[in-house]
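Residue numbers (my numbering), protein chains in the order written: chain L, 97 to 308; chain Z, 97 to 308.
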């Protein structure tokens, strides 16, 4: 299987904001996940993506590519970060199980000496790097066979339980802004939003996926 | 200022996966934020968006619209959730300060009785709702004047400190996968990734923005 059959639409670059190699890598990961799970892109709230990326490191652009090819978007609540610091993601689709796709070390080593990264390590932003250098590294990605790029592990028993949704909301009794019930707190007997409650950001409520 | 001057490109709907009113609402929020801060869309890593949305409630689609109009994307690390459960976001641009935009209660009340939500509350996914109903509610959004839609608060002194990035990575000494240094841990004297360390998901390292 060659990646050359994959067409990256121009709008994916427009969405992302610049041309770089990692958005296309993510686009391929997402496309392969759809193929492996035997599903179409997610019009609504079907596929969930657990990205192993975190903060403060490069290559996160991959996640925009995954969203562009799968429509399992952050906005729809279909993508979250596991904060493992790896160029990898697990894709889960109801009743289909999961698949984990990770960018091979060897391919990362192949890309590393490319001139693109010399610029990046000097703090030069992607859009400021000469077009021909960016196109060259994108072509290296798009011309690579899939098995040079990725380790792919099918996870048929993988389970993920999305949070149960609710439309219920009420006005914060202090600032008056509508707040969904899950995030209302109580202060002096009044139902208030988190900022009006004076809670610190560290008290944010996280709901972790239930897999081990 | 009318929102009618805003053109929502077709690719934004293709990215999002379906037509609904909240992606366009987010698209407008992002467009207005760019105007108010006097900046262009973010090709690289310029504008940060602190979305007040959380999990388990509707209207998150707004965030895909914000990403589409600003290119301040989740993949590039430019968008995160504050988990306040509000249809609101603060936009921060280096040396320009911030602006907070919140969807007015009154406009939320105006939309609430629309047939679109009757379907949604029955658990019917957006793409399954008749096209004319979806177009009607989108038109209500796009025909509304900006001051009917949003409360806009300029925050000239707003500060946000992005995490300092690093390219440093190493192979996990157990599974062998490349891991960015921030996420390497130590187990029995070996540098290992978080899953190989056996750490629980609840131990994820979060870096909170430094504003109060």
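The beta-carbon is built from N, C-alpha and C at its ideal position, and this holds for glycine as well.
1. Would you call the region 107-119 of chain L and the region 156-166 of chain L in contact, with 3 or more CB pairs under 8 angstroms?
2. Output, in sequence order along the chain, the residues in the region 123-149 of chain L whose CB is closer than 8 angstroms to any CB in chain Z.
3. Any residues in the region 268-301 of chain L with a beta carbon nearer than 9 angstroms to a beta carbon of chain Z? Which ones, in chain order?
4. Helix, strand or coil, according to DSSP, for residue 248(Z) in the structure here?
5. Would residue 188(Z) count as contacting chain L if we go by Cβ distances under 8 angstroms?
6. Count the other CB atoms within 10 Å of the CB of residue 182(L); is the residue buried (16 or more) or exposed (fewer)?
7. So is residue 282(L) buried or exposed if we call it buried at 16+ other beta carbons inside 10 Å?
8. Going along chain Z in order, which residues have a C-beta closer than 7 angstroms to the C-beta of residue 250(L)?
9. For residue 189(L), which three-state DSSP category applies?
10. For a contact defined as C-beta to C-beta under 7 angstroms, what are the partners of residue 215(Z) on chain L?
11. Which residues in chain Z sit within 8 angstroms of residue 160(L), going by Cβ to Cβ distance?
12. Of the choices 258(Z), 259(Z), 121(Z), 270(Z), whose alpha-carbon is the least far from that of residue 236(Z)?
13. Using beta carbons (cut-off 8 angstroms, strictly below), is residue 204(Z) in contact with chain B?
14. Can you tell me which of the three DSSP states residue 275(L) falls into?
15. Could you list which residues in chain L have their beta carbon closer than 8 angstroms to that of residue 263(Z), in chain order?
16. Buried or exposed: which applies to residue 202(L), given that a residue is buried once 16 or more other Cβ atoms fall within 10 Å of its Cβ?
17. Give me the Cβ distance between residue 148(Z) and residue 185(Z), rounded to the nearest whole Å; I'm assuming they're in contact under 8 angstroms.
18. Do residue 289(Z) and residue 277(Z) have their C-beta atoms within less than 8 angstroms of each other?
19. Could you check where the beta strand (DSSP E) with residue 288(L) kicks off and where it finishes?
20. Is the region 192-210 of chain L touching the region 188-197 of chain Z in the sense that three or more CB pairs, one from each, lie closer than 8 angstroms?
21. Between the alpha carbons of residue 107(L) and residue 129(L), how many angstroms are there, rounded?
22. By DSSP, does residue 225(L) sit in helix, in strand, or in coil?
23. Identify the residues that DSSP records as bridge partners of residue 154(L): which are they?
24. Taking DSSP as the reference, what is the three-state secondary structure of residue 296(L)?
25. In angstroms with no decimal places, state the Cα-to-Cα distance between residue 222(L) and residue 231(L).
26. So for residue 108(L), helix, strand or coil by DSSP?
27. Would you kindly report the start and end of the unbroken beta strand (DSSP E) that includes residue 143(Z)?
28. Does the beta-carbon distance from residue 259(L) to residue 189(L) come in below 8 angstroms?
Answer, in terms of the structure:
1. They touch, by the three-pair rule.
2. Result list: 137, 138, 139, 140, 141.
3. Within the region 268-301 of chain L, the residues whose Cβ lies closer than 9 angstroms to some Cβ of chain Z are 268, 272, 273, 274, 275, 276, 277, 278, 279, 280, 289, 290, 291, 296, 297, 298, 300, 301, listed in chain order.
4. Reduced to three states, the DSSP call for residue 248(Z) is strand.
5. Answer no: the Cβ-Cβ gap between residue 188(Z) and chain L never drops below 8 angstroms.
6. Residue 182(L) comes out buried.
7. Residue 282(L) should be labelled exposed.
8. What residue 250(L) touches in chain Z: nothing, since even the nearest Cβ is about 18 angstroms away.
9. DSSP places residue 189(L) in the strand class (E or B) of the three-state scheme.
10. Those do not exist, as residue 215(Z) stays about 12 angstroms from chain L at its closest Cβ, beyond 7 angstroms.
11. Chain Z residues near residue 160(L): 169, 170, 171, 172.
12. Nearest C-alpha to residue 236(Z): 121(Z).
13. No chain B appears in the structure shown, which is made up of the protein chains L and Z.
14. Annotated three-state conformation of residue 275(L) is strand, per DSSP.
15. The contacting residues are 153, 154, 213, 216, 217.
16. Classification for residue 202(L): exposed.
17. The beta-carbon distance between residue 148(Z) and residue 185(Z), rounded to whole angstroms, is 6 angstroms. This is short enough to meet the 8 angstroms contact definition.
18. It is not a contact, given that the beta carbons lie outside the stated cut-off.
19. The continuous beta strand (DSSP E) containing residue 288(L) extends over residues 286-288.
20. With the cut-off at 8 angstroms, the region 188-197 of chain Z and the region 192-210 of chain L do not touch.
21. One C-alpha to the other measures close to 21 angstroms.
22. Coil, per DSSP.
23. Beta-bridge partners assigned by DSSP to residue 154(L): none are found.
24. Of the three classes helix, strand and coil, the one that applies to residue 296(L) here is coil, per DSSP.
25. Between the C-alpha atoms of residue 222(L) and residue 231(L) there is a straight-line separation of about 11 angstroms.
26. In this structure, residue 108(L) counts as helix in the three-state DSSP scheme.
27. Per DSSP, residue 143(Z) is not a residue of any beta strand (DSSP E), being assigned neither H nor E.
28. Not in contact: residue 259(L) and residue 189(L) (Cβ atoms no closer than 8 angstroms).
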